[in-house]
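To keep things clear, I will list the structure first and then write my remarks on it.
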Ligand SMILES: Cc1cc2nc3c(=O)[nH]c(=O)nc-3n(C[C@H](O)[C@H](O)[C@H](O)COP(=O)(O)O)c2cc1C
C-alpha cells in the first residue's frame with residue numbers, strides 16, 4: 686500500500702477540520718495528518734501520495750503557511766508521486782476568487798514532476814470565477830464551511846472514494 690500524507694494549511698481551523706475528515710475516511714490506508722506549519726520541504730518527498738489542503742485569503746491569495754512555504758515547492762522533486770488538492774473558501778463572500786489557492790498551488794506543483802488526481806466538476810457550486818479551474822473543472826475539491834458546511838462531509842466522502850483507485 687502507498688504511504689499517504691494529508692498536509693493542511695489553516696488559519697481559523699476550517700481546512701484543518703476538513704483534513705481530519707479526509708483522514709477519517711481513509712482510516713484503512715493509515716494516512717499521516719500534518720499541519721503545514723510543522724512540515725519541511727524534505728518531508729514532502731517522504732510519501733507516495735500527498736493530499737494537500739489550503740484555504741484562500743486576502744482575496745485570491747494563499748493561506749499564510751502556504752504563502753511562507755511557497756518558495757520551497759518548485760525546488761522539490763516529486764516525480765512518481767501523486768498529489769491531490771482540497772481547499773476551503775467562501776463562495777458567497779468571495780465569488781470571484783473562490784478557492785483560488787488551489788489553482789495557485791496547482792501551477793507551482795507542476796514544477797515538481799508530480800501527477801495530479803482528484804479534479805472535481807463545478808456542478809453543485811455557485812460562484813463567478815476561480816483560479817482553481819483548468820479546462821472547466823476544479824483542480825481539487827472545493828469546500829465552503831462558511832455557507833455550505835452541511836455539504837462538506839458528503840463532498841469529502843465522494844472525493845475520497847474517487848481517489849481510492851490511486852492509493853493501492
Ligand atoms: C479576509 C478574508 C479573505 C478571504 N478571501 C477569500 C477568497 O478570496 N476566496 C475564498 O474562496 N475564500 C476567501 N475567504 C474565506 C476563507 O477561505 C474561508 O473562511 C476558509 O474556510 C478559511 O479556512 P481556514 O480556517 O482553514 O484558514 C476569505 C476570508 C476572509 C476572512
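Residue numbers (this note's numbering): 686 to 853.
Every residue gets a Cβ at the ideal spot worked out from N, C-alpha and C, and that includes glycine.
Just so we're clear, the structure is a prediction, and the values are computed from it rather than from any experiment.
**Request:** Counting only runs of 3+ residues fully inside the region 730 to 785, write out the beta strand (DSSP E) ranges in chain order.
**Result:** Listed in chain order, the complete beta strand (DSSP E) runs (minimum 3 residues) inside the region 730 to 785 are 734 to 742, 767 to 773.
**Prompt:** residue 700 and residue 740: beta carbons closer than 9 Å?
**Reply:** As a working note, residue 700 is residue 15 in the chain shown. As a working note, residue 740 is residue 55 in the chain shown. Yes. Within cutoff.
**Message:** Can you tell me where the alpha helix (DSSP H) holding residue 718 begins and where it ends?
**Reply:** Taking the chain shown and counting its residues from 1, the one referred to as residue 718 is at position 33. Run containing residue 718: none in the alpha helix (DSSP H); it sits in the beta strand (DSSP E), 717 to 720.
**Prompt:** Under the rule that 16 or more other beta-carbon atoms within 10 Å means buried, what is residue 804, buried or exposed?
**Reply:** Your numbering for residue 804 matches position 119 in the chain shown. Classification of residue 804: buried, given that the 10 Å Cβ count is 16 or more.
**Item:** Beta-ladder partner(s) of residue 690, from DSSP
**Value:** What you label residue 690 is simply residue 5 of the chain shown in a count that begins at 1. In the DSSP output, where bridge partners are listed per residue, residue 690 has 717, 735.
**Message:** As a quick exercise: from 760, 775, 780, 698, pick the residue whose alpha carbon is nearest that of residue 726.
**Reply:** Against the chain shown, residue 726 aligns to sequence position 41. The residue with the shortest Cα to Cα distance from residue 726 is 760.
**Asked** With DSSP run on the structure shown, which of helix, strand or coil describes residue 812?
**Response** If you number the chain shown from 1, residue 812 lands on position 127. Three-state result, residue 812: coil.
**Prompt:** Which residues in the same chain have their Cβ closer than 8 Å to the Cβ of residue 754, if we skip the five residues on either side of it in sequence?
**Reply:** The count along the chain shown starts at 1 and reaches residue 754 at position 69. Cβ contact annotation for residue 754 (same chain, cutoff 8 Å, sequence separation greater than five): 694, 721, 724, 726, in chain order.
**Request:** Given a cut-off of 9 Å, decide if residue 764 and residue 827 are closer than it, judged by their beta-carbon atoms.
**Result:** Position 142 of the chain shown, counted from the first residue, corresponds to residue 827. Position 79 of the chain shown, counted from the first residue, corresponds to residue 764. No, Cβ-Cβ distance for residue 827 and residue 764 is not below 9 Å.
**Request:** Within the same chain, show all residues whose beta-carbon is closer than 8 Å to that of residue 709, passing over the 5 residues directly before and after it, in chain order.
**Result:** Residue mapping note: residue 709 aligns to position 24 of the chain shown, counting from 1. Excluding positions up to five away in sequence, the list is empty.
**Item:** Beta-carbon contacts of residue 663 that lie in its chain and below 7 Å, excluding the five residues immediately before and after
**Value:** Nothing can be reported for residue 663: it is not among the residues displayed for the chain, which extend from 686 to 853.
**Message:** Quick check: the Cα distance between residue 757 and residue 849, rounded to an integer number of angstroms?
**Reply:** Residue mapping note: residue 757 aligns to position 72 of the chain shown, counting from 1. Residue mapping note: residue 849 aligns to position 164 of the chain shown, counting from 1. Each residue's Cα considered, the two are about 28 Å apart.
**Request:** Specify the secondary structure class of residue 790 as computed by DSSP and reduced to three states.
**Result:** The residue labelled residue 790 in the question sits at position 105 within the chain shown. Annotated three-state conformation of residue 790 is helix, per DSSP.
**Asked** Is residue 823 near ligand 1, judged by its Cβ being under 8 Å from some heavy atom?
**Response** The count along the chain shown starts at 1 and reaches residue 823 at position 138. No, the beta carbon of residue 823 sits no closer than 8 Å to any heavy atom of ligand 1.
**Prompt:** Identify the residues that DSSP records as bridge partners of residue 827: which are they?
**Reply:** Within the chain shown, residue 827 is the residue found at index 142, counting from 1. BP columns for residue 827 point to 772.
**Message:** Is residue 784 near ligand 1 - that is, is its Cβ less than 8 Å away from at least one heavy atom of it?
**Reply:** Here the question's residue 784 lines up with position 99 in the chain shown. Yes, the Cβ of residue 784 comes within 8 Å of a heavy atom of ligand 1.
**Prompt:** Going by C-alpha distance, which of 703, 745, 735 is nearest residue 714?
**Reply:** Here residue 714 refers to the residue found at position 29 when the chain shown is read from its first residue. Of the listed residues, the one whose Cα sits closest to residue 714 is 735.
**Asked** Assuming residue 705 and residue 718 make a contact with CB atoms under 8 Å, what is their CB distance in whole Å?
**Response** Residue mapping note: residue 705 aligns to position 20 of the chain shown, counting from 1. Residue mapping note: residue 718 aligns to position 33 of the chain shown, counting from 1. With a contact defined as Cβ atoms closer than 8 Å, residue 705 and residue 718 qualify at about 7 Å.
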